[in-house]
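Residue 83 is where the sequence shown starts when you use my numbering, and the numbers rise one by one after that.
Okay, so here's the structure we're looking at.
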Amino acid sequence: MSKLVTFAELKQHKTKDSIYILIHEKVYDVTKFIDEHPGGDEVILAEAARDATEAFEDVGHSDEARALLKDMLVGDFEKTDELKTKPASTSFSHNSTVNSAVQQGSNMMYFVPLAVLGAYFAWRYYSNGSL
Ligand code: HEM
C-alpha cells in the first residue's frame, strides 16, 4: 500500500530545498525535477505544497510528462477539510448545469415567438374559415 501524505506534511515541502505538489490526489516530490522542467521552475514553485491539478491539466501535458510523474510519487494525499482536492468532475458538473440552464433559456427565446406566431396563424385560419 502506498504512503498517505497528510496536509501538514505537504505544507512542510514548499521551498526550493524540498518541493511537494499535489496532482490528482497524489503527492509528488518535484525537488530535483524543477530545474529540468521545460516550463520553468517558477510555475512549479508557484504550485508548491498546493493542489496543482488544474494548472497541470490546463497546460495539456503530454503522456511523456505524465510518465515522469510516477518516479516522483511520494504517496496518496490524505484528504482533509483544510485542502480539498478539486476533481475535474466537480467543475464540469457545475458548468454543465449552468450550460443546460443557459441553453434552456435560449430555447425559450425561440419557442415563445414561434408559439405566438403559430397561434396567430391558427386564429386567422379558423376565423377566415368561419366567415
Ligand atoms: C511534476 C509535475 C510536472 C511535470 C512532470 C511536468 C513536465 C513537463 C514536460 C515534460 C513538459 C514538456 C511538454 C510536454 O511533454 O508536455 C512541460 C511543459 C510545460 N509545463 Fe510542466 N510539468 C509539471 C508540472 C507543471 C505545472 C504545475 C505547471 C504549472 C502551470 C507546468 C507548466 C508547464 C508549461 C507552461 C509548459 C510548456 C512549456 C513550453 O512549451 O514552453 N508544469 N512540463
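C-beta: ideal position from N, C-alpha, C; glycine also.
Within the DSSP secondary-structure output, Y192 pairs in no beta bridge.
Assignment of V156 by DSSP, reduced to helix, strand and coil, places it in the strand class. The straight-line gap separating the alpha-carbon atoms of E129 and S84 is approximately 23 Å. Residue nearest to L155 within the set F89, H119, I103 is I103 (criterion: CA-CA distance). In the structure shown, T97 falls within a strand segment according to DSSP collapsed to helix, strand and coil. The straight-line gap separating the alpha-carbon atoms of T97 and S144 is approximately 26 Å.
By the Cβ test, the region 186-202 is not in contact with the region 121-138, since fewer than three Cβ pairs between them sit closer than 8 Å. Take the alpha-carbon of R132 and the one of A147: they are about 19 Å apart.
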